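Chemist:
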Amino acid sequence: MKKIAAFFTAAALFLVVIIILHFAFAGSLTTNNYKFGTWINSYKDSSYKAISSNIHDDTVMFMGSSEFHHGKKTPYHPSWVFRKQGMDVMCIGAAYNQSLTHAITLAAAAPLMHNRKVVLMVSPQWFDSEGATPEGFSVRFSESEYMRMLQNKNLSDRTKKCIAARTETLLKNDPSMQNRVIRYNRLFLAKHASFMDRMLYRLRRVFLNEQGTMTVNMAWKASGNKSYDAYVQPKQPASPPDWKALAASAQTEYSKSSTNKFSMSDKFYIRHIRASLKSKKKAYSSKTYERSPEYNDLKLFLDVCHENGIKTELVILPMNGYWYDYCGFPAAKRKVCAEKVTEIGEEYGVSVCDLTGYSYYRGFFEDAMHPAAKGWVIIDEEVYRFFNQGQNFHERRVS
């Protein structure tokens, strides 16, 4: 009896806090401003409410990892290129985002998607022997999106259970979150949840909605943005981007910013590489992409795509060949990842764009792996082509 009384007392206090937060910080997350989708922000990425409130008729998903946080202020970054085209692209990705976190996010958003297309930028670095780490997975795990993934009626029980089992394992270092996930799994998968499970789930869902609204609103304003309605949706231009002009501009920028033998930006090389260069010689000679749990995680991502009827392209990013050769991880060993990912893509019948041929393309990289200006132009053109394939872009309706 005391436990029940304590529960309802805690619930009442919890609701009071929620109400205070709602009136103090919350507000609408719904906007017709397409800048929101290409806003690179981890709070946005992990909030189901933020993403679901901003999926329109034409919204397509563009997913990746830390590369999205490089070159954000340049005209070559996809956020700027796609905004100028009036395209409704939801960019999702930061360091530690990998196949499984994206599978959960996509499964949560899929029921709302009208334009059912997604591009996943696949980083070879995901596919080392450990794959996703518990530490990294916990950083990017979205509880609100996980809840919605479990409620996706198009997702098979088999896929949900595979995602659930993998999630429970990867949350081993976060027992509080792991216990909540186990509770949600009892509720939606095992279907033998207790009264307490159901009540705690409902309270937690309300809290996460309010928390998501508050943190995303605050982050949006902290990034220098005004209210959502302050921006006018850009008009679609008469023609696609001038890729040749962008590439020429990127080449000029590269010529001014890189003189080192690894084709990195000099700024990065001087700050992070030069002092420790000798210690990196052959440092990755034991590295391998032959076996990794990430390959199965990628299959789970593609299961989500297949079961939700989402047209998919995997873009395999290259690694800086000059640098990794020096570190003892040559092209022959690196190419294993691209070959395995391509085989998986072919197995699922999805489009695969292998960019590893650019491993020695001077100007592609800012550092060892992240794209610089020339790299972004190549990626942008491929992603633009996929998103606009099979339709007349200039006649598309924009709501």
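The sequence shown lines up with residues 0 to 398 when you count with numbering that gives the first Met the number 0.
We put the beta carbon where it would ideally sit given N, CA and C, even for glycine.
Keep in mind that this is a model prediction, so the values were computed, not measured.
(1) Measuring alpha carbon to alpha carbon, tell me which residue in 149, 257 and 354 is nearest residue 315.
(2) Three-state secondary structure (DSSP) at residue 316?
(3) What residues match up with residue 350 in a beta bridge as DSSP calls it?
(4) Specify the secondary structure class of residue 152 as computed by DSSP and reduced to three states.
(5) Between the region 323-331 and the region 290-310, do three or more beta carbon pairs fall short of 8 angstroms?
(6) For residue 276, does the three-state DSSP call read helix, strand or coil?
(7) For the beta strand (DSSP E) containing residue 90, name the first residue and the last one.
(8) Distance, Cα to Cα, residue 140 vs residue 169?
(9) What is the DSSP secondary structure of residue 133, counted as helix, strand or coil?
(10) Could you pull out every residue in the same chain whose Cβ sits closer than 6 angstroms to the Cβ of residue 350, ignoring the five residues on either side in sequence?
(11) Is the CB-CB distance between residue 144 and residue 50 below 9 angstroms?
(12) Could you give the residue range of the alpha helix (DSSP H) that holds residue 61?
(13) Could you say if the region 359-377 and the region 245-262 meet the contact criterion of at least three C-beta pairs nearer than 8 angstroms?
(14) Keeping to the same chain, check which residues put their C-beta closer than 6 angstroms to that of residue 44; ignore five residues upstream and five downstream.
(15) Given a threshold of 16 other Cβ atoms within 10 Å of its Cβ, counted over all protein chains shown, does residue 358 qualify as buried or as exposed?
(16) Three or more C-beta pairs under 8 angstroms: does that hold for the region 52-62 against the region 110-121?
(17) State the Cα-Cα distance for the pair residue 77 and residue 190, rounded to the nearest angstrom.
(18) Could you pull the DSSP bridge partners for residue 335 from this structure?
(19) Using C-beta distances below 7 angstroms, list every residue in its chain close to residue 249, excluding the 5 sequence neighbours before and after it, in chain order.
(20) When you compare only the Cα positions, how much space is there between residue 284 and residue 326?
(21) If we ignore side chains and look at the alpha-carbon of each, how far apart do residue 105 and residue 205 end up?
(22) Since residue 378 and residue 116 should fall inside the 8 angstroms C-beta cutoff, what is the C-beta to C-beta distance between them, to a whole number of angstroms?
(23) Where are the beta strand (DSSP E) runs, 3 residues long or more, that stay fully inside the region 142-226, in chain order?
(24) Which residue comes first and which comes last in the beta strand (DSSP E) that contains residue 116?
(25) Nearest to residue 297 by CA position, among 356, 219 and 119, is which residue?
(26) By the 10 Å Cβ neighbour count, where 16 or more other Cβ atoms means buried, how is residue 257 classified, buried or exposed?
(27) On a Cα-Cα basis, can you pick out the residue from 165, 322, 34 and 324 that is closest to residue 99?
(28) May I have the straight-line CA-CA distance separating residue 185 from residue 72, to the nearest angstrom?
(29) Is residue 356 buried or exposed, if buried means 16 or more other CB atoms sit within 10 Å of its CB?
(30) Rounded to whole angstroms, what is the Cα-Cα separation between residue 239 and residue 70?
(31) For residue 182, which of 172, 149 and 210 has the nearest alpha-carbon?
(32) Please list the terminal residues of the continuous alpha helix (DSSP H) segment that includes residue 301.
(33) Counting only the same chain and skipping the five closest in sequence on each side, list residues whose C-beta sits under 6 angstroms from that of residue 40.
(34) For the putative contact between residue 368 and residue 52, defined by C-beta atoms under 8 angstroms, what is the C-beta separation to the nearest angstrom?
(35) Thinking residue 352 and residue 381 are a contact (beta carbons under 8 angstroms), I'd like their distance in whole angstroms, please.
Modeler: The answer reads as follows:
(1) 354
(2) Reduced to three states, the DSSP call for residue 316 is coil.
(3) Residue 350 pairs with 312.
(4) coil
(5) no
(6) coil
(7) That run of the beta strand (DSSP E) goes 88-91.
(8) The straight-line gap from Cα to Cα measures roughly 10 angstroms.
(9) Residue state, collapsed to three classes: helix.
(10) 312
(11) yes
(12) It is not in any alpha helix (DSSP H) - residue 61 instead sits in the beta strand (DSSP E) that spans 59-62.
(13) yes
(14) 91
(15) buried
(16) yes
(17) 43 angstroms
(18) According to DSSP, residue 335 bridges with nothing at all.
(19) 75, 362, 372, 373 and 376
(20) 7 angstroms
(21) 21 angstroms
(22) Rounded, the Cβ-Cβ distance is 16 angstroms, inconsistent with contact.
(23) none
(24) 116-121
(25) 119
(26) Label assigned to residue 257: buried.
(27) 165
(28) 45 angstroms
(29) exposed
(30) One C-alpha to the other measures close to 21 angstroms.
(31) 149
(32) Per DSSP, residue 301 belongs to the alpha helix (DSSP H) from 293-306.
(33) 218
(34) The beta-carbon separation of residue 368 and residue 52, rounded to 33 angstroms, does not stay under the 8 angstroms limit for a contact.
(35) Yes, they are in contact, since the Cβ atoms of residue 352 and residue 381 sit about 5 angstroms apart, within 8 angstroms.
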